[in-house]
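Counting in our numbering, the sequence shown runs without a single skipped number right up to 360 at its last residue.
C-beta atoms are modelled at their ideal positions from N, C-alpha and C, and glycine is treated no differently.
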Amino acid sequence: MRILWGCLAVAVIAPLVGLFLLIMKPVWRDDARLDDFHERVLAIPLPPETRSNGDTEAEFGKNSGGSGDYCHYEIRLPLSTGLSAGEIGAYYRKAAIAGVENEANVRLTWGEDTGDGRAVVVEFSDISSSDWDHRCT
Numbered sequence: 224m225r226i227l228w229g230c231l232a233v234a235v236i237a238p239l240v241g242l243f244l245l246i247m248k249p250v251w252r253d254d255a256r257l258d259d260f261h262e263r264v265l266a267i268p269l270p271p272e273t274r275s276n277g278d279t280e281a282e283f284g285k286n287s288g289g290s291g292d293y294c295h296y297e298i299r300l301p302l303s304t305g306l307s308a309g310e311i312g313a314y315y316r317k318a319a320i321a322g323v324e325n326e327a328n329v330r331l332t333w334g335e336d337t338g339d340g341r342a343v344v345v346e347f348s349d350i351s352s353s354d355w356d357h358r359c360t
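Following this line, the structure appears as structure tokens:
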């Protein structure tokens, strides 16, 4: 009787484990892609006259524009800088950071002037096809 219960348990549990792995493998892969992208952004030294202005944010989700199933990866780097918009933009574009599948897009969002510089958030982003990641469909 024990053997019967053991075989029955394996027959029920094995497909569930297989389904879990099938669903989670793309999730783990895309989480690793986001982590690698985040590390590449943090590896770039800060420009002159610039300091960190808080923690970086890494975000992953469905691409809100375009057609098809695409995953969107974004890293936000809050800074305080004495550089102009052109100088800081040129610095990060020149760095040519590898995104997930292509070179990362760089966008600047400017904030208020502070006593020691002007607040800016440098946003690095890229997209990739969803490849079965349920968070992107």
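### Message
Given this structure, state the Cα-to-Cα distance separating residue 229 from residue 324, to the nearest angstrom.
### Response
The residue given as residue 229 occupies position 6 in the sequence shown. The residue given as residue 324 occupies position 101 in the sequence shown. Whole-angstrom Cα-Cα distance: 45 Å.
### Message
Once the 5 residues before and after residue 344 are set aside, which same chain residues still bring their CB inside 6 Å of it?
### Response
Residue mapping note: residue 344 aligns to position 121 of the sequence shown, counting from 1. Counting only Cβ-Cβ distances below 6 Å, and skipping sequence neighbours, we find 299, 301, 332.
### Separation of residue 267 from residue 318, as counted between CA atoms
Here residue 318 refers to the residue found at position 95 of the sequence shown. Here residue 267 refers to the residue found at position 44 of the sequence shown. Rounded to whole angstroms, residue 318 to residue 267 spans 8 Å at the Cα level.
### Query
Based on Cα-Cα distance, which residue from 285, 284, 264 lies nearest to residue 275?
Residue 275 sits at position 52 when you count from the first residue of the sequence shown. Nearest option by C-alpha distance: 264.
### Query
So residue 237 is in the alpha helix (DSSP H); what residue range does that whole segment cover?
Translated into positions along the sequence shown, residue 237 becomes position 14. Here the alpha helix (DSSP H) through residue 237 covers 225–265.
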